[in-house]
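Colleague: If you scroll down you'll find the structure; I have some questions about it.
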Amino acid sequence: MKNFSLFKTFPWAISVIFSAGVLSSCCSNAVIDGSLADAPSSQVVVKLLDVNRFDVLDTVSVDADGRFAYKMHIEKGQPE
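In structure tokens form, the structure reads like this:
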């Protein structure tokens, strides 16, 4: 099974995750979903940028069609 890092494989992912963080400031949950071409049944590593390093939050499985989704609860006062 292949392991894909969003930040190495897809540079646009940083802006998508940042946008999800900004949008999540309006509610208590954040959702990141998408699809990957040529990566069925693999994994996506979800990371949080913490000043100058990345912290791994979770690993999400990609289904046979290349789709994935990740949902997390945002603590009050934590816009990231």
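Numbering (mature numbering (1 follows the signal peptide of the UniProt record, and there is no 0)), first residue to last: -30 to -1, 1 to 50.
C-beta atoms are modelled at their ideal positions from N, C-alpha and C, and glycine is treated no differently.
Note that this is a predicted model, so its numbers are computed, not measured.
1) Along the beta strand (DSSP E) that carries residue 46, what are the first and last residues, could you check?
2) Can you tell me whether DSSP reads residue 6 as helix, strand or coil?
3) Is residue 24 helix, strand or coil by DSSP?
4) Using a threshold of 7 Å, state whether the C-beta atoms of residue 27 and residue 18 are closer than that.
Modeller: Let me lay it out:
1) Segment: none, residue 46 is in no beta strand (DSSP E) and carries neither H nor E.
2) coil
3) strand
4) yes
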